[in-house]
Each structure stands twice: as structure tokens, then as C-alpha cells.
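Engineer: Dropping a structure here in C-alpha cells format, bear with me for questions.
2 protein chains.
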Amino acid sequence: MKDYEYYMNKALSCAIKGYQNNEVPVGAVMVYQGKIIASAYNQKDSMNNVLKHAELICIEKASKKLKNWRLNGCTLFVTLEPCPMCASALQQARVDKVVYGTPSTNNKNHYLVDKIFSEVDINQSISYVGGILQEKCGNLLSDFFEKKRL
Amino acid sequence: MKDYEYYMNKALSCAIKGYQNNEVPVGAVMVYQGKIIASAYNQKDSMNNVLKHAELICIEKASKKLKNWRLNGCTLFVTLEPCPMCASALQQARVDKVVYGTPSTNNKNHYLVDKIFSEVDINQSISYVGGILQEKCGNLLSDFFEKKRL
Numbered sequence: 049m050k051d052y053e054y055y056m057n058k059a060l061s062c063a064i065k066g067y068q069n070n071e072v073p074v075g076a077v078m079v080y081q082g083k084i085i086a087s088a089y090n091q092k093d094s095m096n097n098v099l100k101h102a103e104l105i106c107i108e109k110a111s112k113k114l115k116n117w118r119l120n121g122c123t124l125f126v127t128l129e130p131c132p133m134c135a136s137a138l139q140q141a142r143v144d145k146v147v148y149g150t151p152s153t154n155n156k157n158h159y160l161v162d163k164i165f166s167e168v169d170i171n172q173s174i175s176y177v178g179g180i181l182q183e184k185c186g187n188l189l190s191d192f193f194e195k196k197r198l
Numbered sequence: 049m050k051d052y053e054y055y056m057n058k059a060l061s062c063a064i065k066g067y068q069n070n071e072v073p074v075g076a077v078m079v080y081q082g083k084i085i086a087s088a089y090n091q092k093d094s095m096n097n098v099l100k101h102a103e104l105i106c107i108e109k110a111s112k113k114l115k116n117w118r119l120n121g122c123t124l125f126v127t128l129e130p131c132p133m134c135a136s137a138l139q140q141a142r143v144d145k146v147v148y149g150t151p152s153t154n155n156k157n158h159y160l161v162d163k164i165f166s167e168v169d170i171n172q173s174i175s176y177v178g179g180i181l182q183e184k185c186g187n188l189l190s191d192f193f194e195k196k197r198l
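Chains as they are written, first to last, in my numbering: chain E, 49 to 198; chain W, 49 to 198.
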């Protein structure tokens with residue numbers, strides 16, 4: 049398997065597409081057996097739907113690809129630490145691992161996501177790693193909020 | 049607005065359809081200005097997608113109907129207490145109120161959902177009421193697990 053930065057750069061490319069489409073720039077890729085089987089950027093505003101976070105679009109695409117809602121063996125790379133909705137979805141989809149770029153600046157979000165990943169009830173554990181290309185992922189977001197939303 | 053039991057009975061009718069389709073029987077309806085604008089039952093297995101919980105399908109349908117991801121003014125009635133994924137989605141969609149039938153039997157689920165609803169960061173509060181037609185909603189689930197999954 050290629051290293052974390054390789055896949056995070058792919059997620060970052062997705063986030064940049066989001067930026068160009070005036071969406072909060074978060075990108076994600078789902079990796080299975082070393083291959084990217086799904087990629088997406090956040091499309092909440094253009095799709096008018098809170099469910100269109102990059103992570104959930106990746107879950108949907110990956111489930112279609114594998115013809116299974118169980119995504120055992122998959123790793124999700126995402127440029128921003130997930131929200132509780134996405135974290136819980138990833139846990140229920142049984143992904144093996146979640147790797148994120150920049151941490152959430154929201155303490156409650158971080159606390160909840162940590163609880164969701166660390167105390168799972170079903171027979172499963174999720175690895176959870178952050179800080180991969182953190183500066184690049186974070187700068188894209190702060191640049192977006194400075195330039196596009198002011 | 050009609051009373052809680054009226055709408056919960058509608059959600060229960062959806063759950064029964066789920067039962068008939070061999071899905072874990074959870075049903076939901078989204079109500080706006082007294083009118084049901086979306087209804088759904090859990091379709092996780094038939095759609096092969098963890099995102100197809102009744103609540104999320106209702107959010108998607110209601111957003112389409114109102115042409116807005118913001119569901120202010122809406123109340124979601126669901127036969128089973130939501131999971132963290134659905135609770136966080138409902139919070140992000142800014143629904144006013146969530147009314148559920150039977151409580152989750154999973155303590156961690158209950159704790160997380162309570163945290164998600166009670167300590168929201170955006171300028172919003174969500175009413176959260178449970179125990180409406182609890183016995184009917186719960187019996188449908190226990191009957192399903194006894195008869196269909198053994």
C-alpha cells in the first residue's frame with residue numbers, strides 16, 4: 049500500500065475541486081486493497097442536502113462498487129476530521145481505518161467522534177489517525193473562508 | 049398540529065412496510081406545518097447502503113421538497129430512537145424537533161445521541177421526546193428479530 053501522504057494528496061485534489069465549485073473544501077477517497085475505489089468532495093450546498101459530505105458520498109460509491117454495505121478492509125482518507133454523522137456512518141459501514149488531514153476546530157465534534165470510534169459495540173475496532181498533510185488541508189479551508197465567505 | 053400519536057402511527061405504518069420487506073422495521077415521517085412532507089422505512093439491506101436509515105431518507109426527501117438543506121420548522125417522527133449518524137444529520141439539517149417511539153437498547157447510542165442533541169454549537173436547540181407508542185414500536189422490532197432473524 050502506498051503511504052498516507054499519497055492518498056491524502058488524492059483527497060486534497062478532490063477538496064480543491066470543491067473549492068473551485070464554491071463548496072466548503074473537504075475531499076475524501078476510499079481505498080480498498082491499495083486501490084482508490086471512490087472519491088468525492090463535499091457538495092452540501094450545490095446538492096442542497098446535508099448528507100452530501102465527502103465521506104458519505106464515498107461510502108455510497110464504495111458500497112455500490114463492492115456491492116456490499118460492509119466496507120471491511122477499506123480505509124477512508126479525508127482532508128478534515130469527520131463530523132459525528134460521518135464518523136458514525138463510517139463505523140456502521142465497518143471501515144477498518146479513518147485517516148484525516150486537519151483536525152476539527154470544534155471541541156465537541158472531536159470529543160464525539162473520539163467516543164464513536166473508540167467505544168464501538170459491535171465486534172470491530174477502527175484505527176483513527178490524523179495530521180496527514182495537515183497544513184495543506186487546513187490552509188485550503190482557511191483560505192476558502194477568508195476569500196469566499198467574507 | 050395533530051397529536052404525536054397521529055404522526056407516530058404514520059411512522060409505524062412505514063415500519064410495517066419495512067417488516068414486510070424483511071428490513072429491520074424502523075419507520076419515519078417528516079412533518080412541516082402539520083403536513084407530512086416525507087416518509088420512509090429503513091432500507092439498509094435492500095439498498096446495500098448503511099446510509100439508508102429511515103431518518104436519512106426522510107431528510108433527503110424533505111430537502112428536495114423544500115428545496116433547502118435547512119429543515120427549520122420540521123419535526124421528525126421515528127419509531128426507534130436515532131443512531132448517532134441520524135441524530136447528527138438531523139441536527140445539521142436544523143430540524144426543530146425529534147420524536148421517537150421506543151428507546152435504543154444500546155446505552156452508548158443513547159449517551160451519544162443525547163450529547164449530540166443537548167449540546168449543539170450552532171445557534172439552535174432541538175427538542176427531543178421519546179416513548180410515543182413505545183410498546184407498539186418496540187414490539188414490531190422484537191417480533192422481527194424473533195421471527196425473521198432466527
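Positions of the beta carbon are idealized from the N, C-alpha and C atoms, including for glycine.
Under 7 Å between beta-carbons, which chain W residues line up against residue 207/E? List them in chain order, please.
Structural biologist: With chain E covering 49 to 198 only, the question about residue 207/E has no answer from this structure.
Engineer: Let me see if you follow: with CB-CB separation under 9 Å, is residue 180/E close to chain B or not?
Structural biologist: No chain B is part of this structure, whose protein chains are labelled E and W.
Engineer: Would you say residue 98/E reaches chain W, if we count a Cβ-Cβ gap shorter than 9 Å as a contact?
Structural biologist: Cβ-Cβ to chain W under 9 Å: yes for residue 98/E.
Engineer: I need the straight-line Cα distance from residue 62/W to residue 55/W, nearest angstrom please.
Structural biologist: Their backbone Cα atoms lie some 11 Å apart in a straight line.
Engineer: How is the beta strand (DSSP E) around residue 122/E delimited, first residue to last?
Structural biologist: Residues 122-128.
Engineer: If I'm right that residue 58/E touches residue 77/E with Cβ under 8 Å, what's the distance once you round it to whole angstroms?
Structural biologist: The pair is a contact, with the Cβ atoms about 5 Å apart (cut-off 8 Å).
Engineer: Below 8 Å on C-beta distance, what does residue 107/W contact in chain E?
Structural biologist: Per Cβ cutoff of 8 Å: 97, 98 and 99.
Engineer: Mapping DSSP to helix, strand and coil, what is residue 85/W?
Structural biologist: Note: residue 85/W maps to strand in three-state DSSP.
Engineer: I'd like the span of the alpha helix (DSSP H) that includes residue 102/W, first residue to last.
Structural biologist: 102-114 is the span of the alpha helix (DSSP H), which, as asked, contains residue 102/W.
Engineer: To the nearest whole angstrom, what separates the beta carbons of residue 109/W and residue 86/W, a pair I think is in contact under 8 Å?
Structural biologist: Confirmed, about 4 Å.
Engineer: Listed from N- to C-terminal order along the chain, which residues in the stretch 153-168 of chain E have their beta-carbon within a distance smaller than 7 Å of any beta-carbon of chain W?
Structural biologist: So the list reads 154, 156, 160, 163, 164 and 167, given in the order they occur along the chain.
Engineer: What ranges does the beta strand (DSSP E) occupy inside the stretch 127-176 of chain E, keeping only unbroken runs of at least 3 residues that lie completely in it?
Structural biologist: Segments of the beta strand (DSSP E) lying fully in the stretch 127-176 of chain E: 145-150.
Engineer: Along chain W, in chain order, which residues have C-beta atoms closer than 9 Å to that of residue 199/E?
Structural biologist: Here chain E comprises residues numbered 49 to 198, so residue 199/E is not present and cannot be evaluated.
Engineer: Between which two residues does the alpha helix (DSSP H) holding residue 215/E run?
Structural biologist: Lying before the first or after the last residue shown, residue 215/E is absent from chain E, which here runs from 49 to 198.
Engineer: Please go through the same chain and pick out, in chain order, the residues whose beta-carbon is closer than 8 Å to the beta-carbon of residue 132/W, but skip the five residues on each side of it.
Structural biologist: Cβ within range, chain order: 157, 160, 161 and 164.
Engineer: Closest Cβ-Cβ distance between residue 144/E and chain W: below 9 Å?
Structural biologist: Judged by the 9 Å Cβ criterion, residue 144/E is not in contact with chain W.
Engineer: Quick check on this structure: which residue in 71/E, 124/E and 69/E has the alpha carbon closest to the alpha carbon of residue 83/E?
Structural biologist: Considering only alpha carbons, the answer is 124/E.
Engineer: What does DSSP give as the partner residues of residue 79/E in its beta bridges?
Structural biologist: BP columns for residue 79/E point to 84/E and 123/E.
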